[in-house]
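First up is the structure itself, then whatever we jot down about it.
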Ligand code: CUA
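Numbering (the working numbering), first residue to last: 3 to 183.
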């Protein structure tokens with residue numbers, strides 16, 4: 003093995019470690035331990051990367067289920083530019099939300115303090131589901147149905163943001179969930 007400037011001493015690994023380098027290695031190692039600990043810590047305390055169940059599906063099947071959900075529980079049209087249906091499932095019920103290039107469909111209206119089972123899938127490719135201000139963050143992958151339980155504890159408009167880069171319209175991929183008292 004050669005290099006442009008080979009070390010003077012070929013047995014370089016027997017050289018003592020510089021003090022500054024040793025300090026640096028120690029800091030990095032300890033920080034690595036902190037970060038490793040933070041993953042399970044935030045899972046439990048932060049409620050951010052919440053546990054989800056995942057099932058196999060297809061875009062066609064998931065779209066059918068979402069359409070059935072929309073047909074059954076639509077209460078009005080949203081006043082946004084796209085006039086999406088506002089769908090109000092019964093408290094404790096299932097919610098179907100489609101992620102696609104570049105929006106989330108439909109708009110959902112929930113009741114504060116009630117738990118809902120969210121079913122999420124993508125019709126095309128990978129998107130993110132970042133629900134603010136609840137601070138829930140999961141990935142949505144096509145051909146998989148992700149199911150998470152969500153209990154809104156604050157009324158108002160929530161935003162669903164896509165936080166996986168998915169092309170030219172990624173920054174406009176924003177959905178809406180309305181939580182009422
Ligand atoms: Cu969808 Cu970014």
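The C-beta atom is built at its ideal place from N, Cα and C for all residues, glycine as well.
- The shortest CA-to-CA distance from residue 117 to any of 104, 91, 128, 20 is the one to 91.
- With contacts defined by Cβ atoms closer than 8 Å, residue 149 and residue 54 form a contacting pair.
- In this structure, the alpha-carbon of residue 138 lies about 8 Å from that of residue 131.
- By the Cβ rule, the segment 80-98 does not count as touching the segment 165-172, because fewer than three pairs are nearer than 8 Å.
- Rounded to the nearest whole angstrom, the C-alpha separation of residue 153 and residue 25 is 46 Å.
- The residues 101, 102, 142, 143, 144, in chain order, have a CB closer than 7 Å to that of residue 124 in the same chain once the five nearest residues on each side in sequence are set aside.
- Residue 137 sits in coil when the DSSP states are folded into three classes, being neither helix nor strand.
- Counting only residues of its own chain and dropping the five nearest sequence neighbours on each side, residue 113 has a CB closer than 7 Å to the CB of 93, 182.
- Contact between residue 59 and residue 146 is confirmed by a C-beta separation of about 7 Å, below the 8 Å threshold.
- For residue 151, the pairing in a beta bridge is given by DSSP as 119.
- Closest in alpha carbon position to residue 128, among 15, 80, 164, 9, is 164.
- Set against 7 Å, the gap from the CB of residue 107 to the closest heavy atom of the ligand CUA is not smaller.
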